[in-house]
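If you're matching positions, the sequence shown starts at 5 in the numbering used here and goes up one per residue.
Glycine included, C-beta positions come from ideal geometry on N, C-alpha and C.
Quantities reported herein were computed from a predicted structural model and do not represent experimental measurements.
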Amino acid sequence: MSQQAEHGSSKNSSSDEAISLESHVADLISKLPSREGLSERMVLYKNYWLRPYFVESVLCLQNSFKPRHDDIILASNPKCGTRLRSHQPLPEVVPFIEIPRNTYFTYLENLPSPRLLATHLPLSLFPKSTTCGCRVVYICRDPKDAFVSRCVDLETAFNMFSKGFSGYGSFWDHCLEYWRESIAMPDRALKYEEMLSDPVKHVIKIAAFIGVPFSTKEEEDGVPDEMVRLCSFEKLSSLYVNKTGEFFRHGNMVIENSAYFRKAKVGDWQNHINEEMGRKLDCIVKEKLKGSGLTL
């Protein structure tokens, strides 16, 4: 058989496999429990409410994502500071694992090592081998602030959020998965509020954790301080590239670059929801986290 014929046969085989996988994924998603979300239908997959195309991404990742021992993964619930931890401003520079840019996430394989990646996925939805050797830095935040940062229709959304029905499922279950893993494995879990109160201290700790500690001279010369300045909310949110353009579009949903930068204020929830709603959410979270050692 000629090389051209072999190449054509291999290409057809890959195409057939892709079509078969797409058909399998579509069939699985169609059978999942579903309900209407704030803007579109959501499905329940492994105890997490997700948009159908995110479930598709998760299933495709199981087959295509190949973790590397030197990967660094920045993980969080939405609106909990992933962008503020990125040394570069745009999601294109620190790509989300679950948001594809081309067919079956092949772009991730083309990134040079060590890769710096971001995700909002619950830990239990990662490909099983992802955390083997990878450094995972997780950040959690007061759920009240995270809630008002991600929602517009607050009254309707609050009832859903307080029942664990939001874009990436239950906020507290998401936090608990990473928290428990941080106890069992040497992964670092950070709190948004603590990080903002002393960012230089936490930048130094993170650098040591991911295996690239600052030298004594670098600390004396103020390199960590300069990194904090370059990655500050004020600096990143003021960049033209972060004020314009779109990062992601799917159907009627559009995520603009500016959506990644709101206020980054601790306690801003008090300007958007009343004290009764705040107390209700605090009680729910306290009950859900009871006995874990985690407080939010």
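Pairing GLY168 with LEU285, the inter-Cα distance amounts to about 11 Å. Note that the C-beta distance between LEU36 and VAL47 is below 8 Å. In the DSSP assignment, ALA122 forms a beta bridge with LEU78, PHE100. Looking at the backbone, the Cα of SER80 and that of PHE162 are separated by about 20 Å. When the five nearest sequence neighbours on each side are left out, the beta carbons in the same chain lying within less than 8 Å of the beta carbon of HIS206 are those of LEU194, GLU198, MET199, in order along the chain. ILE214 carries a coil assignment under DSSP once its states are collapsed to helix, strand and coil. DSSP places TRP53 in the uninterrupted beta strand (DSSP E) bounded by 52 to 54. Classified as exposed, ALA212 has fewer than 16 neighbouring CB atoms from the shown chains inside 10 Å of its CB. Taking 8 Å as the cut-off, the beta carbon of GLU102 is found closer than this to the beta carbon of LEU65. The residues ARG72, ASP74, in chain order, have a CB closer than 7 Å to that of SER117 in the same chain once the five nearest residues on each side in sequence are set aside. Apart from sequence neighbours up to five positions away, the residues of its chain that approach ILE214 with a beta-carbon distance below 8 Å are ILE76, ARG139, VAL141, ordered along the chain.
Contact between SER128 and LYS50 holds: CB atoms are separated by about 6 Å, below the 8 Å threshold. Each of ASP225, LEU112, THR220, SER38 was checked against the Cα of PHE69, and the nearest Cα belongs to LEU112.
Per the coordinates, the alpha-carbon of ASN275 lies some 42 Å from the alpha-carbon of GLY137. When DSSP states are grouped into helix, strand and coil, VAL289 belongs to the helix group. CYS235 carries a coil assignment under DSSP once its states are collapsed to helix, strand and coil.
According to the DSSP assignment, LEU115 belongs to no alpha helix (DSSP H), since it is labelled neither H nor E. Around the beta carbon of GLY173, 16 or more other beta carbons lie within 10 angstroms, which makes this residue buried.
Across the structure, SER166 and SER61 are spaced so that their CA atoms are roughly 26 Å apart.
One Cα belongs to LYS83, the other to ASP146, and the distance between them is close to 10 Å.
Inter-residue distance for ASP177 and TYR196 is about 17 Å (C-alpha atoms, whole angstroms). Nearest C-alpha to LEU115 among VAL97, ASP272, ILE33, ASP229: VAL97. Judged by DSSP secondary structure, VAL140 falls outside any alpha helix (DSSP H) and instead within the beta strand (DSSP E) spanning 139 to 144.
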